[in-house]
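For reference, the structure is listed below as structure tokens.
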Amino acid sequence: MSPFHLHRLFKASTGMTPKGWQQAWRARRLREALAKGEPITAAIYRAGFPDSSSYYRHADQTLGMTAKQFRKGGDNVSVRYALTDWVYGRCLVAESERGICAILPGDSDDALLAELHTLFPAARHEPADALFQQRVRQVVAAINTRDVLLSLPLDIQGTAFQQQVWQALCAIPCGETVSYQQLAATIGKPTAVRAVASACGANKLAMVIPCHRVVRRDGALSGYRWGVRRKAQLLKREAQKEE
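Right, here's the structure in full:
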């Protein structure tokens with residue numbers, strides 16, 4: 007089998023190139039090892055990096071921060087945030103040095119701030135400055151009008167499988183829904199329905215990655231990170247805009 011044909015088969019099966027899959031797999035293994043408290047050098051080799059220099063050349067791309075910062079839950083990493091109103095109520099938008107890292111809908115500011123601290127427990131949480139407030143307004147306007155946030159940098163961290171699911175979610179047209187079974191089949195993993203549902207639940211970018219467009223096989227609503235009631239609101243508004 008030629009390398010070209012193998013490459014095509016691999017991408018058709020996994021939705022990723024061999025290199026992309028390897029990078030995501032190494033990143034997942036590294037996160038797991040650091041989260042368990044392993045020494046940084048040991049974690050780098052356990053993740054499959056041939057040497058430490060090959061990791062440090064792409065550290066920001068792998069973890070979004072240094073290994074030491076990740077191991078401490080984002081210690082010394084700045085996460086700017088803003089609480090704002092949008093068409094669905096209250097919302098928290100957060101940004102790391104790499105881009106928008108969280109869009110969290112909620113009912114109260116206290117609950118939203120608690121969720122931010124859970125997601126980034128050791129990061130420095132800094133209120134929004136004037137420049138970030140401009141980007142927050144862009145986020146809110148884009149969500150309210152259903153535009154794609156192509157002009158804004160996003161900090162999307164996840165395993166290879168999660169990223170594959172999230173890419174498939176972004177392909178669901180506004181006003182339409184798919185079942186968890188259909189989504190699993192779309193990524194070539196028809197038996198991984200529970201894992202697909204788990205990946206949807208791990209999404210931190212509400213609306214931008216539209217996990218609310220996935221429903222049960224019979225069309226019933228279930229399993230939304232921010233509540234089934236809010237999921238119903240999102241789908242109802244999107245359906246009305248398509249009429």
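Per the numbering used here: the sequence shown = residues 7 to 249. Where a beta carbon is used, it is the ideal one built from N, C-alpha and C, also for glycine. Since the structure is predicted, the reported quantities are computational estimates derived from the model, not experimental observations.
Please report the straight-line C-alpha distance between residue i and residue j, rounded to a whole angstrom.
{"i": "Gln144", "j": "Ala88", "result": "13 Å"}
{"i": "Gly229", "j": "Pro216", "result": "13 Å"}
{"i": "Arg231", "j": "Gly207", "result": "5 Å"}
{"i": "Thr23", "j": "Ala166", "result": "11 Å"}
{"i": "Ala191", "j": "Glu121", "result": "32 Å"}
{"i": "Ala148", "j": "Ser8", "result": "45 Å"}
{"i": "Asp115", "j": "Leu125", "result": "15 Å"}
{"i": "Glu132", "j": "Gln168", "result": "28 Å"}
{"i": "Leu118", "j": "Leu158", "result": "22 Å"}
{"i": "Pro111", "j": "Asp161", "result": "18 Å"}
{"i": "Asp223", "j": "Val199", "result": "The identity of residue 223 in the sequence shown is Arg, whereas the question assumes Asp. When rounded, the distance between both Cα atoms is 11 Å."}
{"i": "Asn150", "j": "Ala226", "result": "25 Å"}
{"i": "Ala134", "j": "Leu98", "result": "11 Å"}
{"i": "Arg243", "j": "Arg96", "result": "17 Å"}
{"i": "Val291", "j": "Cys176", "result": "An answer regarding residue 291 cannot be provided, because it is not within the stretch 7 to 249 covered by the chain."}
{"i": "Gly105", "j": "Gln140", "result": "13 Å"}
Using a threshold of 9 Å, state whether the C-beta atoms of residue i and residue j are closer than that.
{"i": "Cys107", "j": "Val142", "result": "no"}
{"i": "Val184", "j": "Ile178", "result": "yes"}
{"i": "Leu189", "j": "Val220", "result": "yes"}
{"i": "Lys237", "j": "Ile109", "result": "no"}
{"i": "Thr146", "j": "Asp91", "result": "The sequence given here places Val at residue 146; Thr does not occur at that position. The answer is yes: Cβ separation under 9 Å."}
{"i": "Ala128", "j": "Val83", "result": "yes"}
{"i": "Met48", "j": "Arg35", "result": "Checking the sequence shown, residue 48 turns out to be Ala, not Met. Their beta carbons are not under 9 Å apart, which means Ala48 does not touch Arg35 by this criterion."}
{"i": "Ala203", "j": "Tyr186", "result": "yes"}
Per DSSP, residue i is paired with what?
{"i": "Val184", "result": "Val220"}
{"i": "Ala48", "result": "Paired residues: none, contrary to the question."}
{"i": "Ala100", "result": "Tyr87, Ala108"}
{"i": "Trp92", "result": "Gly95"}
{"i": "Leu189", "result": "According to DSSP, which records beta bridges pairwise, Leu189 is partnered with nothing at all."}
Quick one: measure Cβ to Cβ for residue i and residue j, integer angstroms, because I've assumed they're closer than 8 Å.
{"i": "Ala245", "j": "Gly181", "result": "6 Å"}
{"i": "Ala94", "j": "Leu240", "result": "Here residue 94 is Tyr; the residue named in the question, Ala, does not match the sequence. Confirmed, about 7 Å."}
{"i": "Glu101", "j": "Phe138", "result": "6 Å"}
Entirely enclosed beta strand (DSSP E) segments - the stretch 109 to 137, minimum 3 residues: Those beta strand (DSSP E) runs which fall completely within the stretch 109 to 137 and span 3+ residues are 130 to 133.
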